[in-house]
Each structure stands twice: as C-alpha cells, then as structure tokens.
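Colleague: Taking numbering that gives the first Met the number 0, the leading residue of the sequence shown gets 0, the next gets one more, and so forth.
Cβ coordinates follow ideal geometry from the N, Cα and C atoms, glycine included.
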Amino acid sequence: MPTDRPARHPLAARRILRLALGTSLCLLFSQLVAWPLSFVAPVLTLVILATPLPPLGVKNALGLLVALLAPVILGAYLLLPFMEYARWVAILLVGLALFYSFYFTARGGNPMLGMFMTVGLTLIVTVGSVSGDVVWLLIKTLFACTVTAIGFTWIAHALLPDMAGQAAPDGQKKPQPPKPGPAGAGRTALRALFVTLPMALLFLFMSGSPGYTVVMIKVATMGQQATADLSKAMATSLMMSTLWGGLGAMAAWYVLSIWPSLLMYTLLVGLAGLVYGRWIFQGPAVHPQLQMAQYAYLTMIVILAPAVLDGAAGSGAGAAFWTRGMLFVLIAVYGTVAVRVFDAFWPPVRYEEKPAGLSDPAPVKSHG
Numbered sequence: 000m001p002t003d004r005p006a007r008h009p010l011a012a013r014r015i016l017r018l019a020l021g022t023s024l025c026l027l028f029s030q031l032v033a034w035p036l037s038f039v040a041p042v043l044t045l046v047i048l049a050t051p052l053p054p055l056g057v058k059n060a061l062g063l064l065v066a067l068l069a070p071v072i073l074g075a076y077l078l079l080p081f082m083e084y085a086r087w088v089a090i091l092l093v094g095l096a097l098f099y100s101f102y103f104t105a106r107g108g109n110p111m112l113g114m115f116m117t118v119g120l121t122l123i124v125t126v127g128s129v130s131g132d133v134v135w136l137l138i139k140t141l142f143a144c145t146v147t148a149i150g151f152t153w154i155a156h157a158l159l160p161d162m163a164g165q166a167a168p169d170g171q172k173k174p175q176p177p178k179p180g181p182a183g184a185g186r187t188a189l190r191a192l193f194v195t196l197p198m199a200l201l202f203l204f205m206s207g208s209p210g211y212t213v214v215m216i217k218v219a220t221m222g223q224q225a226t227a228d229l230s231k232a233m234a235t236s237l238m239m240s241t242l243w244g245g246l247g248a249m250a251a252w253y254v255l256s257i258w259p260s261l262l263m264y265t266l267l268v269g270l271a272g273l274v275y276g277r278w279i280f281q282g283p284a285v286h287p288q289l290q291m292a293q294y295a296y297l298t299m300i301v302i303l304a305p306a307v308l309d310g311a312a313g314s315g316a317g318a319a320f321w322t323r324g325m326l327f328v329l330i331a332v333y334g335t336v337a338v339r340v341f342d343a344f345w346p347p348v349r350y351e352e353k354p355a356g357l358s359d360p361a362p363v364k365s366h367g
C-alpha cells in the first residue's frame, strides 16, 4: 500500500484513530464475554466507524438493528417451513430478498443498511437449514452483537469527537455521482446476486453449515463489493482486500503465537485499524480505495478472531485458521471469475438517473 499525505488531514486522522480505538475496544470486550459469534460485534463496529458520518442517533441505530435482525426473524417464521418441506421455494425467496438488498445499495441506499441486510440473509440461509433452536440462538447473538457494536461506536465518538469546525461540511464533500437508474441498478443487483447466491446455496446444502458462518460473512461482503460499477474495479478490490486482509491476519497470528496475550491481540487489531484506516479516510472525505481497505480490515478480523476463540477453547486453532484463510482466497477467486463471466454475457452499460420530464437517456457502454 502506498503512503499519501492527505490521510494526515486532522479530520481524517481523528477518524482513523476513532476507527482503530472503537474496533479494538469492542474486540477486547467480545473476547472477554466470549458468547457465540462474539467476533461479529467488532466487525459491525468497523463497518459503522468506517463510514464518515456523525454518531448514530437512536433512530438510525434502531434502523441498523432492524436491518440486521429483520431478515433473520422473518426467515425464522417464513423460510424455515419452506426449507423443510419446499426448499426450492425457500431458495427463490432468499434470492428475491438478496436481490432487493443489492438493488437498495445500487440505487444509492445507505451501504451500511445494505450490508446489514445481506449479512442477515446469508446467515439465515446457513444456520436456518439446521434447526429452529439454532436460529433463535443466532437471533439472540446478533442482537447482543449489534447493541454492543453500536455502544462502542458511541464510546469511540465520545472519546474522540469531531472537533469544532472539523465536521465535514457539505461544501467540502466531493459531488456525488448521479444515481443509477432502475435499469442500471437492476443489472448491478443481478450481478451481485449471481456472485452471492451460488455460494449461499452451496453452504445451504452442505452438512454442518453453521460452521461456515464466518465464511458467509465474507460472501455477504463480496456481494456488496459486486455493486461496484466496473468489473475491473470490483475484481481488483475483491482480490486486494482478501490479500491485504489475509496478510494482516497472518502477521497477527504469528505475533500471537509468540506472545499469546489478550492485550497484544487488542493492540494488533488497533494497529491494523491505523494502517488500513489510512486508505479509508482522506482529507474531509474518504479515500478512493475506501472499499478495498474497509473490506481488508474486515477480512483480517473475520479470519483471525474465530481462530483466537478456537485457541482459547483448546481446539485446533492453527488448522482452522489456515483452512479459513484458504476458503477466503478461493471465494475471492470465484467472485472475480463470476463477475467476469457475468459481464461477458451482459456487458456493463452506464445508465444515469433521468431528470423529471425528460425521456430516457441512451445507455452509454462502459469500458470496464
């Protein structure tokens, strides 16, 4: 990763520190409580703090909570009976729900809400195929993780608030590109669905699918990455995020094998936040490589945290760590190939939102 000066902007520096502090503190807490899937809490904290927004209000916090839990709760009532008696109907419903979550993001919706919806949908697919008891355990766990994540974002903002006059004014923000029209957003959502749904179905039909919950989080993020406009940009972002996230997890794993300490673990995650954060925030806005760096940091935690929990439980953490890392690489390669195949059969076309009262603009082919 190259070094650049714009990340040293006071606002960017404070956001980077806030990201590292909030994520590492949340991870420390999750390791202490050690409930099932507790590592999801720092992942959600990361997703929220990696967005250049003011502290979440109660209304927005409830919106994120609903976005994550609603797919799981509705799935428990609507999908579980179909999964048991008419699985193909359940698959169709999951496909439609995933398409909507990708379409919501592609049309300019809040990326955090889109991410939370996608994660909830993919988790209900993997866990819901086992039993209803596991689903309700998942709901309780996700509720606890989401509340914890939101709480630590508030703590991070309280410890490192935006200084007076540093809040990003609208005039300093880069002009937003025009929202894609329904046709362009629909194509983008279909591409993300083409990337994500086969992996979700694969783990749905595999025995012991709850063991792949961590991998499904990566699949969900991969689907959101597939909402990028250009296939080259998406392929590069996907591969680079997996590479840098995997390298960060390997480095931290080796350090922890020498000094297995919770304090060292927390410091390593905080240090990673400082490193990845330089390519998340730039000046008063975000870095051009925001998506790649954000998913790299997320990939590092998702690979590393379950392995550390396995080690604390006395199970084969080393083998699980490397197996999980290889799965992430294979998924990244698959996602890149899937996007290329989709774009080969349906070349990308740029659609712009038409102004009111005007006819539909002619689509412009994108050379991506």
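How about residue 272 and residue 33: are their beta carbons less than 7 angstroms apart?
Modeller: Indexing the sequence shown from 1 puts residue 272 at position 273. Indexing the sequence shown from 1 puts residue 33 at position 34. Their beta carbons are not under 7 angstroms apart, which means residue 272 does not touch residue 33 by this criterion.
Colleague: Go ahead and label residue 181 buried or exposed: buried means 16 or more other beta carbons lie within 10 angstroms of its beta carbon, across all protein chains shown.
Modeller: In the sequence shown, counting from the first residue as 1, residue 181 sits at position 182. So residue 181 ends up on the exposed side.
Colleague: Assuming the contact rule is C-beta atoms closer than 8 angstroms, residue 124 and residue 188 should be a hit. Round their C-beta distance to whole Å, please.
Modeller: As a working mapping, residue 124 is identified with position 125 in the sequence shown. As a working mapping, residue 188 is identified with position 189 in the sequence shown. Not really, about 18 angstroms apart at Cβ, beyond 8 angstroms.
Colleague: Assign residue 74 to one of two classes, buried (16 or more other C-beta atoms within 10 Å of its C-beta) or exposed (fewer than that).
Modeller: The residue you call residue 74 lines up with position 75 of the sequence shown. Residue 74 is buried by the Cβ-count criterion.
Colleague: Can you give me the Cβ contacts of residue 47 inside the same chain, cut-off strictly under 6 angstroms, excluding the 5 residues immediately before and after it?
Modeller: For this step, residue 47 is matched to residue 48 along the sequence shown. The answer, listed in chain order, is 152.
Colleague: For residue 328, I'd like the list of residues in its chain whose CB is within less than 8 angstroms of its CB, leaving aside the five on either flank, ordered along the chain.
Modeller: Within the sequence shown, numbered from 1, the residue matching residue 328 stands at position 329. So the qualifying residues of the chain are 241, 245.
Colleague: Please state the DSSP three-state secondary structure of residue 284.
Modeller: Working through the sequence shown from its first residue, we reach residue 284 at position 285. Correct three-state label for residue 284: strand.
Colleague: Straight-line CA distance for residue 299 to residue 39?
Modeller: In the sequence shown, counting from the first residue as 1, residue 299 sits at position 300. In the sequence shown, counting from the first residue as 1, residue 39 sits at position 40. Between residue 299 and residue 39, the C-alpha separation is close to 12 angstroms.
Colleague: Between which two residues does the alpha helix (DSSP H) harbouring residue 37 extend?
Modeller: The residue given as residue 37 occupies position 38 in the sequence shown. First-last for residue 37: undefined, no H or E at that position.
Colleague: Take residue 289 as the anchor and find which of 195, 85, 235, 325 has the nearest alpha-carbon.
Modeller: The residue you call residue 289 lines up with position 290 of the sequence shown. For the residues 195, 85, 235, 325, the minimum Cα distance to residue 289 belongs to 235.
Colleague: Tell me the rounded alpha-carbon separation between residue 143 and residue 60.
Modeller: Reading the sequence shown from its first residue, position 144 is the one you call residue 143. Reading the sequence shown from its first residue, position 61 is the one you call residue 60. Rounded to the nearest angstrom, the two C-alpha atoms are 13 angstroms apart.
Colleague: Taking residue 251 and residue 267 to be in contact with their CB atoms under 8 angstroms, please state how far apart those CB atoms are, rounded to whole angstroms.
Modeller: As a working note, residue 251 is residue 252 in the sequence shown. As a working note, residue 267 is residue 268 in the sequence shown. About 4 angstroms separates the two Cβ atoms, so the contact holds.
Colleague: Tell me, to the nearest whole angstrom, how far the beta carbon of residue 324 is from that of residue 248; I am working on the premise that it is less than 8 angstroms.
Modeller: As a first step, residue 324 must be located in the sequence shown, where it is residue number 325. As a first step, residue 248 must be located in the sequence shown, where it is residue number 249. So it is a contact: roughly 7 angstroms between Cβ atoms.
Colleague: Please report how far the alpha carbon of residue 81 lies from the alpha carbon of residue 92, in whole angstroms.
Modeller: Stepping through the sequence shown from its first residue, residue 81 is reached at position 82. Stepping through the sequence shown from its first residue, residue 92 is reached at position 93. Approximately 10 angstroms, taken between the alpha carbons.
Colleague: With a 10 Å radius around its C-beta and 16 neighbouring C-beta atoms as the bar for buried, classify residue 285 as buried or exposed.
Modeller: On the sequence shown, residue 285 is found 286 positions in, with the first residue counted as 1. Residue 285 comes out buried.
Colleague: Sorted by chain position, which residues of the same chain lie with C-beta nearer than 8 angstroms to residue 263's C-beta, five sequence neighbours on each side aside?
Modeller: On the sequence shown, position 264 is the one that residue 263 refers to. Around residue 263: 254, 255.
Colleague: For residue 107 and residue 145, I'd like the C-alpha separation in whole angstroms.
Modeller: On the sequence shown, residue 107 is found 108 positions in, with the first residue counted as 1. On the sequence shown, residue 145 is found 146 positions in, with the first residue counted as 1. When rounded, the distance between both Cα atoms is 23 angstroms.
Colleague: According to DSSP, simplified to helix, strand and coil, what is residue 279?
Modeller: Numbered from its first residue, the sequence shown carries residue 279 at position 280. Coil.
Colleague: Please say whether residue 49 and residue 376 have beta carbons closer to each other than 7 angstroms?
Modeller: There is simply no residue 376 to check, as the chain begins at 0 and stops at 367 in what is shown.
Colleague: In angstroms with no decimal places, state the Cα-to-Cα distance between residue 276 and residue 223.
Modeller: Position 277 of the sequence shown, counting from 1, holds the residue named residue 276. Position 224 of the sequence shown, counting from 1, holds the residue named residue 223. If I take the Cα positions, the gap works out to 20 angstroms.
Colleague: Three-state secondary structure (DSSP) at residue 23?
Modeller: As a working mapping, residue 23 is identified with position 24 in the sequence shown. Residue state, collapsed to three classes: helix.
Colleague: Closest to residue 99 by C-alpha separation, out of 88, 112, 243, would be which residue?
Modeller: The sequence position of residue 99 within the sequence shown is 100, counting from 1. It is 112.
Colleague: DSSP on residue 291, reduced to helix/strand/coil?
Modeller: Here residue 291 is taken as the residue at index 292 of the sequence shown, counted from 1. Note: residue 291 maps to helix in three-state DSSP.
Colleague: When you compare the CB positions of residue 85 and residue 78, do they come within less than 7 angstroms of one another, or not?
Modeller: Taking the first residue of the sequence shown as position 1, residue 85 is located at position 86. Taking the first residue of the sequence shown as position 1, residue 78 is located at position 79. No, the Cβ-Cβ distance between residue 85 and residue 78 is not below 7 angstroms.
Colleague: Can you give me the start and stop residues for the alpha helix (DSSP H) that residue 86 sits inside?
Modeller: On the sequence shown, position 87 is the one that residue 86 refers to. First-last of the alpha helix (DSSP H) with residue 86: 86-105.
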